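J.:
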Amino acid sequence: MPPTHSAEPEGRAERSGQGRAGRDLRAAIGVGVVLGGIVVATLFTYRGGFVIVLAVTVAVGITEITRSMAHVDAHPPLVPLLVGGIAMVGAAWFRGSEALVMAFLLTCLACLIWRLGRGPAGFLHDTSTAVLITLYVPFLAGFAVLLAIPEDGARRVIVFMATVVCSDVGGYAAGVFFGRHPMAPTVSPAKSWEGFAGSALLCVIAGSVFLTQLFDRSWWTGVLFGLAVAATATLGDLGESMLKRDLQVKDMGTILPGHGGVMDRLDSLLPAAAVSYLLLAAFVPVSMH
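Each residue of the sequence shown is one higher than the one before, counting from -11 in this note's numbering.
(1) Straight-line CA distance for residue 253 to residue 136?
(2) What do you reckon, are the CB atoms on residue 72 and residue 47 nearer than 8 Å?
(3) Given this structure, state the Cα-to-Cα distance separating residue 83 from residue 134, to the nearest angstrom.
(4) Cutting at 7 Å between CB atoms, please list the residues of its own chain near residue 200, excluding the five before and the five after it.
(5) Can you list the beta strand (DSSP E) stretches of 3 or more residues lying completely in the segment 118 to 193, in chain order?
(6) So residue 248 packs on residue 125, CB below 8 Å; how close in whole Å?
(7) Give me the Cα-Cα distance between residue 259 and residue 212, rounded to the nearest whole angstrom.
(8) Within the same chain, show all residues whose beta-carbon is closer than 7 Å to that of residue 242, passing over the 5 residues directly before and after it, in chain order.
(9) Return the CA-CA distance between residue 10 and residue 262, expressed in angstroms with no decimal places.
(10) Rounded to whole angstroms, what is the Cα-Cα separation between residue 111 and residue 197?
(11) Can you say whether residue 42 is buried or exposed, counting buried as having 16 or more other CB atoms within 10 angstroms of its CB?
(12) Just verifying my parser: in three-state terms, what is the DSSP assignment at residue 105?
(13) State whether the segment 115 to 132 contacts the segment 88 to 96, with contact taken as three or more CB pairs (one from each stretch) at a distance under 8 Å.
(14) For residue 256, collect the residues of the same chain with a Cβ closer than 6 Å to its Cβ; drop the 5 residues on either side in sequence, then sort them by chain order.
(15) Looking at residue 118: is its Cβ nearer than 8 Å to the Cβ of residue 64?
(16) Less than 8 Å separating the beta-carbons of residue 32 and residue 142?
(17) What are the uninterrupted segments assigned as alpha helix (DSSP H) that are 4 or more residues long and contained completely in the segment 20 to 107, given in chain order?
(18) Under the assumption that residue 195 contacts residue 180 (Cβ atoms under 8 Å), give the Cβ distance between them as a whole number of angstroms.
(19) Do you know offhand how far residue 191's Cα is from residue 89's?
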């Protein structure tokens, strides 16, 4: 998936094969296509496979962000985060939203208890970051699992993810060619208001097409869906940018060429998953297995 909302100087880098911040745009697109292919293949062959892929992704994301917290001398307990994060994904798949919330609370409690063994020094710092990670990564990822549960779950997940991709593509293109006014210069200087307008426009078009053609809904539901995804995807991207600035890291990891870490790909997807689940549940009647 291409990066989002580049300003004009990065447009010149993109034309030479580099994306924003010197990233290899070709590698980023290639990795995005491969990841998208894996998601589509699992959704339309065995949706449980999608849940397994998501659980692995969550585990890698938790590991990346936990290790990055060491830059601010925070050491959230990794073991209960990993066990609880995977359990939250499984709970959402097998038992639904109530089980997801219960698993979230139990994971937070497990982190508090586990951390007691290290003594009082840094306890609040470590446990508060553990709760943040639990909420940010596995809890929000659980909404992607909830999207996949109904009979038309594969379509719901595809619509959610494709609309987020449209947010990235629209923002990137508009930012490269028209970006002049930074949206949040102290957080992410490359993001512009023009880029956000491009994200919103392409998301509105995509949402309208998806909801009218795939779910037989009114066009205005697609407009609302597209605007909500564009807003939450952008806020998610800005939120992770702020977190990385506080941690003083460029990327959360290096596992994905052209992207950085898994968390650098999940930043816009995680909050958009929750909003997509809520809006699709409101707009599209759910038929279960």
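For glycine and all other residues, C-beta sits at the position ideal for the given N, C-alpha and C. Model, not experiment: these values are computed from the prediction.
T.: Well, looking at it:
(1) Taking the first residue of the sequence shown as 1, we reach residue 253 at position 265. Taking the first residue of the sequence shown as 1, we reach residue 136 at position 148. Going by the C-alpha atoms only, they are around 20 Å apart.
(2) Here the question's residue 72 lines up with position 84 in the sequence shown. Here the question's residue 47 lines up with position 59 in the sequence shown. Cβ distance not < 8 Å, so residue 72 and residue 47 don't count as in contact.
(3) Taking the sequence shown and counting its residues from 1, the one referred to as residue 83 is at position 95. Taking the sequence shown and counting its residues from 1, the one referred to as residue 134 is at position 146. If you take the alpha carbons of residue 83 and residue 134, they lie about 10 Å apart.
(4) As a working mapping, residue 200 is identified with position 212 in the sequence shown. Hits under 7 Å: 207 and 210.
(5) 170 to 172 and 176 to 180
(6) As a first step, residue 248 must be located in the sequence shown, where it is residue number 260. As a first step, residue 125 must be located in the sequence shown, where it is residue number 137. Not quite, the Cβ-Cβ distance comes to about 15 Å (not below 8 Å), so this is no contact.
(7) The count along the sequence shown starts at 1 and reaches residue 259 at position 271. The count along the sequence shown starts at 1 and reaches residue 212 at position 224. Near 16 Å, if we compare the C-alpha coordinates of residue 212 and residue 259.
(8) To locate residue 242, count along the sequence shown from 1; it is residue 254. Here the set comprises 248 and 249.
(9) Indexing the sequence shown from 1 puts residue 10 at position 22. Indexing the sequence shown from 1 puts residue 262 at position 274. Unreliable positioning characterises residue 10 in this predicted model, as indicated by a pLDDT of 49, which lies under 50. A coordinate reading is not provided.
(10) What you label residue 111 is simply residue 123 of the sequence shown in a count that begins at 1. What you label residue 197 is simply residue 209 of the sequence shown in a count that begins at 1. Distance between the alpha carbons of residue 111 and residue 197: 50 Å.
(11) One-based indexing of the sequence shown puts residue 42 at position 54. That one is buried.
(12) Position 117 of the sequence shown, counted from the first residue, corresponds to residue 105. If DSSP states are grouped into helix, strand and coil, residue 105 belongs with the helices.
(13) yes
(14) Within the sequence shown, residue 256 is the residue found at index 268, counting from 1. Correct list, in chain order: 152, 221, 224 and 225.
(15) The residue labelled residue 118 in the question sits at position 130 within the sequence shown. The residue labelled residue 64 in the question sits at position 76 within the sequence shown. It is a contact, given that the beta carbons lie within the stated cut-off.
(16) As a first step, residue 32 is located in the sequence shown; it is residue number 44 there, counting from the start. As a first step, residue 142 is located in the sequence shown; it is residue number 154 there, counting from the start. Their beta carbons are under 8 Å apart, which means residue 32 touches residue 142 by this criterion.
(17) 35 to 56, 66 to 83 and 85 to 103
(18) Reading the sequence shown from its first residue, position 207 is the one you call residue 195. Reading the sequence shown from its first residue, position 192 is the one you call residue 180. The Cβ separation is near 22 Å, so there is no contact.
(19) Taking the sequence shown and counting its residues from 1, one reaches residue 191 at position 203. Taking the sequence shown and counting its residues from 1, one reaches residue 89 at position 101. If I take the Cα positions, the gap works out to 29 Å.
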